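Visitor: In this note's numbering, the protein residues as written are 693 to 804. Glycine is no exception: its CB is placed at the ideal position from the N, C-alpha and C atoms. The structure presented is a predicted model; accordingly, all values stated were derived computationally and were not measured.
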Amino acid sequence: MDQYVELQSRVNLLEYHQKLLLKMLASPNLEFYRLVIENGISEQKVEAFDQLCENLNKKMEEQKAEGFINFHPLFSEFLYLLPEKLDTKKVVQACIKQHLHEALFREFNKYL
Numbered sequence: 693m694d695q696y697v698e699l700q701s702r703v704n705l706l707e708y709h710q711k712l713l714l715k716m717l718a719s720p721n722l723e724f725y726r727l728v729i730e731n732g733i734s735e736q737k738v739e740a741f742d743q744l745c746e747n748l749n750k751k752m753e754e755q756k757a758e759g760f761i762n763f764h765p766l767f768s769e770f771l772y773l774l775p776e777k778l779d780t781k782k783v784v785q786a787c788i789k790q791h792l793h794e795a796l797f798r799e800f801n802k803y804l
């Protein structure tokens, strides 16, 4: 039974990566998707990453409204919650190129 569950999760991962590859064929500048595939990141982890970025982006906007100009604590939170397989610098640059949460990652780029 364990082998079946493991096999099913591997098939799901391959199907997810195949979807990303098809998107990359249409638009080769999808650098974040390339990192996801290269590092074998699952769809669930990518969804969790996206949720993390949405939360951090919201916090950043709230802090900007309050007059904050330093967002290093948000960057530290990002580092702590980033999947360990992913390189921070590559993720930040890839997200900027792919226009994912661009304002957030442009800010994080200052801390690299």
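Take the Cβ of Glu799 as the centre, count every other Cβ of all protein chains shown within 10 Å, and call the residue buried at 16 or more, exposed below.
Guide: Residue mapping note: residue 799 aligns to position 107 of the sequence shown, counting from 1. Glu799 should be labelled buried.
Visitor: Under the assumption that Tyr725 contacts Met716 (Cβ atoms under 8 Å), give the Cβ distance between them as a whole number of angstroms.
Guide: For this step, residue 725 is matched to residue 33 along the sequence shown. For this step, residue 716 is matched to residue 24 along the sequence shown. Yes, they are in contact, since the Cβ atoms of Tyr725 and Met716 sit about 6 Å apart, within 8 Å.
Visitor: Would you say Met752 and Leu804 are within 7 Å of each other, going by their C-beta atoms?
Guide: Within the sequence shown, residue 752 is the residue found at index 60, counting from 1. Within the sequence shown, residue 804 is the residue found at index 112, counting from 1. Not closer than 7 Å, so no.
Visitor: Out of Leu722, Val703 and Ala718, which has the shortest C-alpha to C-alpha gap to Gln785?
Guide: For the purposes of this step, residue 785 is taken as residue 93 along the sequence shown, with counting starting at 1. That would be Leu722, whose Cα lies nearest to the Cα of Gln785.
Visitor: Which residue spans inside the region 697-783 form an unbroken alpha helix (DSSP H) run of at least 4?
Guide: DSSP runs (the alpha helix (DSSP H)) wholly in the region 697-783: 723-730, 735-757 and 764-773.
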